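Here is the structure we will look at, set down as structure tokens.
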Amino acid sequence: MERLAANAKISHRDDYDPKPVVKMFGGSAGTWLFTEARPYGDDIELFGLCDPGLGFPEIGYCSLNELLSVKFPPLRLPIERDKFWKPQGTLQEYADAAQANRRIVSLPDAA
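At position 67 of the sequence shown (counting the first as 1) the number is 66 in numbering that gives the first Met the number 0, and the numbers step up by one without a gap.
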């Protein structure tokens with residue numbers, strides 16, 4: 000959470016194009032890549048690339064409380080954090096690839 004908060008503090012800079020910090024997933028196709036977080040009343044506002052699995056990924060804001068309240072049928076599985084994911088590009092690179100593929104996709108390994 001510290002890196003997300005630190006990114007929020009510098010997001011106004013012209014050269015700001017960070018790598019996502021957190022990947023979350025749920026259901027059969029929902030994926031979210033977040034670069035920043037800031038307090039928003041009793042909630043946390045997250046910013047990043049959001050794809051609930053409907054074929055229209057977009058950069059925007061998401062409520063942490065709303066995200067955590069989602070349960071996918073039939074087993075009512077929650078959205079989870081991918082603890083083993085490592086970003087391979089910037090948020091804009093992921094967004095460009097997601098627009099072309101109509102879903103968030105893995106980027107080629109930078110190594």
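Glycine is no exception: its CB is placed at the ideal position from the N, C-alpha and C atoms. Predicted model, so just to flag it, every value in this text is computed and none were measured.
| Item | Value |
| --- | --- |
| Which of helix, strand or coil DSSP assigns to residue 37 | strand |
| Exposure label - residue 57; buried when at least 16 CB within 10 Å | exposed |
| Neighbour flag for residue 108 against chain E, beta carbons, 8 angstroms | Although the question refers to chain E, the structure presented lacks it and comprises just one protein chain. |
| Own chain residues within Cβ distance below 6 angstroms of residue 22, not counting five before or after | 32, 81 and 84 |
| Alpha-carbon to alpha-carbon, residue 108 and residue 87 | 6 angstroms |
| 8 angstroms CB neighbourhood of residue 101 in its chain, flanking five on each side removed | 54, 55 and 56 |
| C-alpha gap between residue 16 and residue 3, whole angstroms | 13 angstroms |
| Terminal residues of the beta strand (DSSP E) in which residue 22 lies | 21-25 |
| Coarse secondary structure for residue 78, derived from DSSP in three states | coil |
| Assigned exposure category for residue 50 - 16 Cβ within 10 Å defines buried | buried |
| Beta-carbon proximity check, residue 78 vs residue 25, cutoff 8 angstroms | yes |
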